[in-house]
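> For reference, the structure I am asking about is given below.
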Amino acid sequence: MTTVNGRPSAAGADEREARAVAEAARESEWRLPSFGKELYLGRFRLDLIHPYPRPDAGAEEEGERFLARLRDFCATIDAQRIEREERIPDEVVRGLKELGALGMKIPRAYGGLGLGQVHYNRALTLVGSVSPAIGALLSAHQSIGVPQPVAMFGTEEQKRALLPRCAATDISAFLLTEPDVGSDPARLHATAVPTEDGAAYLLDGVKLWTTNGVVADLLVVMARVPEGEGHRGGVSAFVVEGDSPGITVERRNRFMGLRGIENGVTRFHRVRVPAENLIGGEGKGLKIALSTLNTGRLSLPAMCVGAGKWCTRIAREWARERVQWGRPVGRHEEVSKKVAFIAATTYAMEAMLELAGQMADDRRKDIRIEAAIAKLWASERAWEIADELVQVRGGRGYETADSLAARGERGVPAEQLLRDLRINRIFEGSTEIMHLLIAREAVDAHLSVAGDLIDPDADPRAKARALAKAGGFYASWLPSLVVGQGQRPGSYAEFGPLAGHLRFVERASRRMARSTFYGMSRWQGGMETRQAFLARIVDIGAELFAMSAAVVRARHEHETGPDGRGTAGMELADAFCRQSRLRVERHFAALWDNSDDTDGKLARRLMEDRYTWLEEGVLDPSLPGPMIGPSEPGPSEAEDQHRTMG
């Protein structure tokens, strides 16, 4: 790795090394079946998601009892107070602790509630509808904070020591991002140097955007251990006490939305971390982080579902009550299309979330692709839903809840929701990073058989072996993409009026796989730079997964739901699939008819200062300072902003 004074340079690792680090961290084996993986290979495995899975009766009853208590408590929360004061009141945090909300996912054996992913998701949907900041607090604590990696990779001693604390009293945080390090782990600067006696590590570095970091009692910190005698080295995960000497929360950050979020900048200077606080062994940190996020990412779509449900209610009430030109605005076609999009998309988001959550609980499927799709797709659609609600509400959508209430109207916080939801397209992997992550899995089969064939550095013998291997794979795989059940008019008849949508999904899945193969054939090793092409492939698969989830949910509800709900679900699923099919066709068309090349050239020329004249005639209102702040290790000169909650 390129270094300066023993640390990664500002430029960081080169592209090849960065890819190697990321590739080493990803889970490469597929031990369990995956609906998403098969979908991208052109194989529509309906049997992996149908019949629509549901929690067993005991888990359902227990989970719903907790949700009822949580609902009663959430009804007492003053959400606008959190918005005004930019802080979650301590009494709210105390109440959540008393309910056991800090330990929803922690097993009963360690003091938690032992809820499954389905009811944990439903809890976040409920809490997030009241205050996304509270949802972020609970999610960061349980989905990616100390409980999840310790439960998955910790020793029994670590579980007994840490999980009861996390279930009852201690708030945790996950610290990976640095001022100059986002999704590129090869550039990680923070270090954990073993002491001479091997009893501890000395932690140095600066971490940015530490959700819960301002108030955390326990931290999961990713830092690089240097290689040495007896030390494998590499990025490693440590549990660190939040009040350890040498830790300074240098500031609490403020954002566009999520005003109550406790997110800050944390500096570590020679922080002594006992060796027994290392999770999973040296060099396992990135694998732990990625594995934790496989299910942890479901927390964001859970809160997106809450937003969609609330938007559906407000859109319904407003579209019916507001009258323009002699009839309710919801009866005007342009508005009705927006209202229909909000309701139908919310139905599909919830179907996708419940399906992925139950598959996570069953543990009989590999859901890394499904969870990533749910995060990607729901965060994009929820933002669109909130934007459409603001548009439907007009001037009132742009006005704050306090302002509306001050003049005697219902204080609908539509503009706040839009601000709060915007971060979901960035949190826990931006849309662009999620496209790359899912695309890597989508083309995994191709790379596994043709990797050396398209690698410019591979020697002739390796290329020859790869050619033989690829020939065998494609000889059997490509013919399977020609015909399928989607071309048979009677296929999926048990789904009634929705059968045609499943036939479309099956056909589109094969078409998507063929398009991926054509792209591999055309660009070979250059495929990885065709990010816009890969993003469209990913988005097609995401829509197909959403359609599949909506249809199997609708059929399940039609057979088992209360009177009227089954028919309504079929209507919502049908409307959603019709909307989704149009998006899929646009993505397919854009695979080959686009402005990607000219856009890339223009962007490069812009960065080469060719168009600076375009910026003339305006002033920059930005406050002074570098684009990326300094993050050199050393003692802190700032006042510690850390505090405890509850």
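Read in order, the letters of the sequence shown are residues 2 to 647 in my numbering. Beta carbons are placed, not taken as given, at the ideal position from N, Cα and C, and that holds for glycine. Note that the structure is a prediction, hence the values are computed from the model and not measured.
Identify the continuous beta strand (DSSP E) that holds V342 and give its terminal residues.
Sequence inspection shows Phe at residue 342; the Val mentioned does not correspond to that position. Premise fails: F342 lies in the alpha helix (DSSP H), E334 to D363, not in any beta strand (DSSP E).
> Give, in chain order, every unbroken run of the beta strand (DSSP E) that is at least 3 residues long and sits entirely within the region 145 to 224.
The region 145 to 224 contains these whole beta strand (DSSP E) runs: 173 to 176, 192 to 195 and 201 to 212.
> Leaving out the 5 sequence neighbours to the left and right, which residues in its chain are closer than 6 Å to G155 when beta-carbon positions are compared?
So the qualifying residues of the chain are I280.
> Tell me the DSSP bridge mates of Q325?
Partner(s): R328.
> If the criterion is Cβ atoms closer than 8 Å, does the pair S510 and L100 meet it?
Not a contact, by the Cβ cut-off of 8 Å.
> Are T267 and L139 closer than 8 Å when you measure CB to CB?
Against a cut-off of 8 Å, the Cβ pair of L139 and T267 comes out as no contact.
> May I have the straight-line CA-CA distance separating P246 from G206, to the nearest angstrom?
The alpha-carbon atoms of P246 and G206 are separated by roughly 14 Å.
> Would you call E371 buried or exposed, if buried means 16 or more other Cβ atoms sit within 10 Å of its Cβ?
E371 should be labelled buried.
> Do three or more CB pairs link the region 545 to 552 to the region 484 to 504 at distances below 8 Å?
Touching, yes.
> Tell me the residue span of the beta strand (DSSP E) that contains R273.
Start and end: N264 to P275.
> Assign A11 to one of three DSSP states: helix, strand, or coil.
Because the pLDDT of A11 is 38, which lies under 50, any placement of that residue in the model is unreliable, and the question is left without a value.
> Going straight from the alpha carbon of A357 to that of V274, what length do you get?
Looking at the two C-alpha atoms, the distance is approximately 36 Å.
> So is I386 buried or exposed if we call it buried at 16+ other beta carbons inside 10 Å?
It counts as buried.
> Distance check for A639 and L448, CA to CA, integer angstroms please.
Their Cα atoms are separated by approximately 49 Å.
> Is the region 239 to 253 close to the region 288 to 300, with three or more CB pairs under 8 Å?
No: the two stretches stay apart, fewer than three of their Cβ pairs being nearer than 8 Å.
> Give me the Cβ distance between Q580 and F342, rounded to the nearest whole Å; I'm assuming they're in contact under 8 Å.
The Cβ separation is near 6 Å, so the contact holds.
> By DSSP, does G235 sit in helix, in strand, or in coil?
Three-state DSSP puts G235 in a strand.
> Using 8 Å as the cut-off, can you tell me whether the region 186 to 196 makes contact with the region 391 to 406, which would need three or more C-beta pairs spanning the two stretches below that distance?
Counting Cβ pairs under 8 Å, fewer than three are found: no touch.
> Which partner residues does T249 have in the DSSP bridge list?
In the DSSP output, where bridge partners are listed per residue, T249 has R268.
> Look up S404 in the DSSP assignment and say whether it is helix, strand or coil.
S404: helix per DSSP, three-state reduction.
> Given R166, which residues of its chain have a CB within under 8 Å of its CB, disregarding the five upstream and five downstream residues?
These residues qualify, in order along the chain: D218 and L219.
> Checking 8 Å against the spacing of the C-beta atoms, do D423 and W384 come in under that value?
Checking the displayed sequence, the identity of residue 423 turns out to be Arg instead of Asp. In contact: R423 and W384 (Cβ atoms closer than 8 Å).
> By the DSSP assignment, the alpha helix (DSSP H) with G520 in it spans what residues?
Taken as a continuous stretch (DSSP letters only), the alpha helix (DSSP H) holding G520 covers A500 to W524.
> Suppose you measure from the CA of R394 to the CA of A459; what does that come to, to the nearest Å?
Looking at the two C-alpha atoms, the distance is approximately 59 Å.
> By Cβ distance below 6 Å, which residues in the same chain neighbour R556 in space, the five residues on each side in sequence not counted?
Here the set comprises F496.
> For chain C, is any of its Cβ atoms less than 8 Å away from the one on E442?
This model lacks chain C altogether; it includes just one protein chain.
> Mapping the DSSP letters down to three states, classify L40 as helix, strand or coil.
The answer is helix: DSSP assigns L40 an H, G or I state.
> Is the Cβ-Cβ distance between A134 and I89 less than 8 Å?
Contact: yes.
> Who pairs with E242 in a beta bridge, going by DSSP?
Per DSSP, L219.
> Report the residue ranges of all beta strand (DSSP E) runs contained in full by the region 563 to 609; include only those spanning at least 3 residues, in chain order.
Within the region 563 to 609, no complete beta strand (DSSP E) run reaches 3 residues.
> What does a CB cutoff of less than 6 Å around P627 pick up in its chain, not counting 5 residues either side in sequence?
Taken in chain order, the list of residues that qualify is empty.
> Find the nearest neighbour of L71 within the set K38, E86 and M105, judged by alpha-carbon distance.
The candidate whose alpha carbon is nearest that of L71 is M105.
> In whole angstroms, what is the alpha-carbon distance linking R32 and G430?
Between R32 and G430, the C-alpha separation is close to 24 Å.
> Determine the contact status of A443 and V539, defining contact as a CB-CB distance below 8 Å.
Closer than 8 Å, so yes.
> Give the single residue among G601, P34, Y399 and E28 whose Cα lies nearest to the Cα of M360.
The residue with the shortest Cα to Cα distance from M360 is P34.
> With the cut-off set at 8 Å, would you say V241 and E283 are in Cβ contact?
No.
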